[in-house]
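Asker: The opening position of the sequence shown corresponds to residue 40 in my numbering, with each subsequent residue numbered one higher.
Where is the CB? At the ideal position from N, CA and C, for every residue including glycine.
Given the structure is predicted, the values throughout are model-derived calculations rather than measurements.
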Amino acid sequence: NKNEYYICPSISNYLINQNVKEKRLTKAKPGLDSLTPSEKQILRFIAESKTSKEIADDLHISFRTVENHRTNICTKLNIHGSHALLKFAFENKHLL
């Protein structure tokens, strides 16, 4: 049937494993689902080692707006400490 897709077992296993990892992360950090699209975008930039100033420049928004997003992300994910958000973003980069 031309409406069906076939994928090789290795791709299938990869997709299943990614799905399992995403579900574990969502269970560990339930606030992840409550992030706004902007907050998710900021989190992806953080995972790329971008500073708040770089993110602000890239998105054409103020530095303060980026800082507010970072604060909201930390609150929603129950992350505390200056480097905890960066660590979380790095560790979960492949799932963001």
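Does the distance from the C-beta atom of residue 81 to that of residue 122 stay below 7 Å?
Answerer: No, they are not a contact pair.
Asker: Taking 8 Å as the threshold, find out whether the segment 83–91 comes into contact with the segment 113–131 through three or more Cβ pairs.
Answerer: At 8 Å Cβ cutoff, the stretches touch.
Asker: Taking residue 77 as the reference, give the member of 105, 125, 44, 91 with the closest Cα.
Answerer: Closest by alpha carbon: 105.
Asker: Which residue comes first and which comes last in the alpha helix (DSSP H) that contains residue 90?
Answerer: Element bounds for residue 90: n/a, residue is neither H nor E.
Asker: Our contact map puts residue 89 next to residue 102 with C-beta atoms below 8 Å; I'd like the distance itself, whole angstroms only.
Answerer: With 8 Å as the limit, residue 89 and residue 102 do not qualify as a contact, their Cβ atoms being about 12 Å apart.
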